[in-house]
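To start, the structure itself, in C-alpha cells.
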C-alpha cells in the first residue's frame, strides 16, 4: 500500500515536470511556474504591484514570470530600463498582439499597434500634426487657458464649501484633447463627454484587473459570458460616438484647410488615395479614441493626485503660491515659459507625477527579435513588462524615495533638476506621444488654480487615503477638498 502511494506521487511529480512551463536557455530567473496557470498564484489579481516588488527583491531587476503558459520578463530599475528601452530600443519596441487590451481595441490605433510600417507611419503623422497644432506654442496655451476658465467657474461655485474634483478634472482634460482632435469642446453635462469618460474609466480598471489577467492567462475562457465582455461593449459605444462625430466633421470640412487633427488625417487620406496605405476611416476612429484616452486619463489622474497632496501638505501649497505670486506679479495669465522661473513649482509638479505613478506598468512591450538584456537571452516575441514603479521609488535615485517631497527635484542651490530615473512617460520609440501637451496642461492648470484659490482638507473628512485604485492607470480614491478664495483675490 505504502509503495503504491509513493509510486503515485512519483507519477504525479513526473507529470508536473513534463507539463510545467520551461524557461528557455539563459532566460531571466523567476519563481517556479505551475502547469497551465503559470505564476498567476504568485500575483494578486486585484493589484500585483507589491508582488512585482517582492519578486524583484528575490530574483533581481530582470526576472521572469509565466502568465498562464506565456513567458514574460519584468524589467526593474533605471539601469535595466535604460538598456532595454533606450540602448536597445528597437529590440524591445514591439507590442504583444494577443492580450485582452489588444483584443478590445481590435489592434487599431497607435498605442497598442505592433511595431511595423503602419505604426511608424501613424506615429510619425501624430508627432508632426501635434507639433503643427501648437504644442509648445501660444495656440495650445490659449486652448488650455480657455478650458481653465470653465474649471475656475466650477471651483468658484464651491467657495466656502467642499468640492469633489474627479469629474471636473476628467472633463477638463478630455475637452483639451477634444479641441486638438475635433476642434471643439463639450459642456460638462454633454452625453458625448459623459459616456466617453465613463467608458474609459471602466476599461482602465478592467484592463489591469483580475478579469483581464484571467483572460490573458486562459484563452479558453474568452468566449464565456464573463465580466471582461463589458470592455468590448464600452469600445463599441465609444466607436459609434466617434464615428458619429467624424461624420458630422466631414460635412463641414474644407479639404486642404485643416482645423484640427481629424481634418489633417482626412487630408492625409486624400493625399495617399488608393495606394494601399494603412490610413483609413476605420483606423481613424480608433486612433482618435486612442489619443483621447491617453490624453484624458493620465492627465486627470495626475491632477487629482496633485490636489490630494497639496490639500494635505499645506506648507508645500503655500510655498508654491509664494513663488507663483512673485513670478506672475502684474501678469494676467501664466505662460508655459514661466516654469523656467519657478523651480519649486516645477519640482512640485514633477514630484506629483512621481508619486502619482499614473501608468505603473507602462504599456506592455514585446521583443521584436532575439535580444540580450543584462546578460540574459530573451527570445523574439517575449512579453516585456516595464515596472515603472521600481524607477519612481528606486533607492539611491531619490533623496526621499518613499515620501511626497519636492526636494527630490531640487539641488543644493534650490535649482530644478530631473533625476534620470524620472520616466513617467516611458522612454524610447514608444515614449508617450502626448508628453508635451500633458506637461503644459499640468503646469498651467495647477499654477492658475493655486494663484486664485486655497485648497484645504475638510475638518470632518477623516484621515486622507493615499492608496490609489489600481488599473491601467492609478486613480486616487474619491475625496473632497475645501475651497477658499485667496486673500489677494
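Numbering (the numbering used here), first residue to last: 628 to 1116. Quick reminder that beta carbons are idealized off the backbone N, C-alpha and C, glycines included.
Close Cβ partners of residue i (< 7 Å) along its chain, the five nearest in sequence each way excluded
i            : result
residue 961  : 955, 1071, 1074, 1075
residue 932  : 979, 982, 983, 1103
residue 886  : 810
residue 851  : none
residue 1021 : 704, 705, 1028, 1048
Residue i versus residue j: straight-line alpha-carbon distance, rounded
i            : j            : result
residue 647  : residue 1003 : Reliability fails at residue 647, whose pLDDT of 44 lies under 50, so the model's placement of it is uncertain and no value is given.
residue 731  : residue 861  : 9 Å
residue 763  : residue 806  : Its pLDDT being 46, under 50, residue 763 is placed unreliably in this model, and the value from its coordinates should be taken loosely. Rounded to whole angstroms, residue 763 to residue 806 spans 15 Å at the Cα level.
residue 978  : residue 744  : 37 Å
residue 875  : residue 759  : 23 Å
residue 607  : residue 654  : Nothing in the structure corresponds to residue 607, since the chain is present only between 628 and 1116.
residue 672  : residue 1055 : 29 Å
residue 912  : residue 973  : 35 Å
residue 809  : residue 920  : 14 Å
residue 814  : residue 776  : 13 Å
residue 786  : residue 882  : 47 Å
residue 794  : residue 659  : 44 Å
residue 942  : residue 985  : 24 Å
residue 963  : residue 755  : 20 Å
residue 588  : residue 667  : Any answer about residue 588 is impossible in this case: the structure gives the chain only from 628 up to 1116.
residue 652  : residue 993  : 18 Å
residue 939  : residue 1087 : 13 Å
residue 657  : residue 1000 : 15 Å
residue 896  : residue 663  : 45 Å
residue 838  : residue 711  : 29 Å
residue 1096 : residue 1064 : 25 Å
residue 1052 : residue 1059 : 5 Å
residue 783  : residue 816  : 18 Å
residue 1031 : residue 935  : 11 Å
residue 643  : residue 677  : Model confidence at residue 643 stands at a pLDDT of 45, short of 50, so the residue's coordinates are unreliable and nothing is read from them.
residue 908  : residue 766  : 27 Å
For residue i, the residue or residues it bridges with in DSSP
i            : result
residue 1110 : 786, 1082
residue 1022 : 1025
residue 1046 : For residue 1046, which the question treats as bridged, DSSP gives no partner whatsoever.
residue 1000 : 1003
residue 627  : Only positions 628 to 1116 of the chain appear in this structure, which leaves residue 627 out of reach.
residue 721  : 993
residue 1009 : According to DSSP, which records beta bridges pairwise, residue 1009 is partnered with nothing at all.
residue 1102 : 1096
residue 1037 : 1043
residue 665  : 661, 694
Beta-carbon spacing of residue i, residue j below 8 Å
i            : j            : result
residue 1108 : residue 789  : yes
residue 704  : residue 1017 : yes
residue 823  : residue 844  : no
residue 1049 : residue 981  : yes
residue 746  : residue 740  : yes
residue 928  : residue 781  : no
residue 665  : residue 696  : yes
residue 1033 : residue 975  : yes
residue 970  : residue 1041 : yes
residue 988  : residue 723  : no
residue 1077 : residue 944  : yes
residue 889  : residue 873  : yes
residue 738  : residue 1068 : no
residue 1080 : residue 1113 : yes
residue 681  : residue 690  : no
residue 700  : residue 679  : no
residue 727  : residue 855  : yes
residue 804  : residue 925  : no
residue 877  : residue 893  : yes
residue 796  : residue 918  : no
Contacts around residue i, its chain only, beta-carbon distance under 8 Å, and the 5 residues preceding and following it disregarded
i            : result
residue 995  : 717, 718, 719, 720, 721, 742, 1007
residue 1092 : 1104, 1106
residue 748  : 904, 905, 906
residue 715  : 998, 999, 1000
residue 1137 : Outside the displayed span of the chain (628 to 1116) sits residue 1137, for which this structure offers no information.
residue 848  : 841, 842
Own chain partners of residue i with C-beta closer than 6 Å, once the 5 adjacent residues on each side are dropped
i            : result
residue 830  : 858, 861
residue 791  : 1107
residue 799  : 774, 778
residue 1025 : 1035
residue 693  : 648, 660, 665, 666
residue 1057 : 720
residue 578  : Outside the displayed range of the chain (628 to 1116) lies residue 578, so it cannot be described from this structure.
Exercise. What are the start and end residues of each continuous alpha helix (DSSP H) run of 4 or more residues lying completely inside the region 672 to 707, in chain order?
Worked result: With a minimum length of 4 residues, the continuous alpha helix (DSSP H) runs that stay inside the region 672 to 707 are 676 to 686.
For this session: Please specify which runs of the alpha helix (DSSP H), each continuous and at least 4 residues long, are wholly inside the region 916 to 987, giving them in chain order.
Result: Qualifying alpha helix (DSSP H) stretches, in chain order: 941 to 954, 970 to 983.
Exercise. For the region 798 to 881, which segments carrying the alpha helix (DSSP H) assignment without a break, of at least 4 residues, lie completely within its bounds, in sequence order?
Worked result: Within the region 798 to 881, the runs of alpha helix (DSSP H) that reach at least 4 residues and sit entirely inside it are, in chain order, 818 to 834, 837 to 844, 856 to 879.
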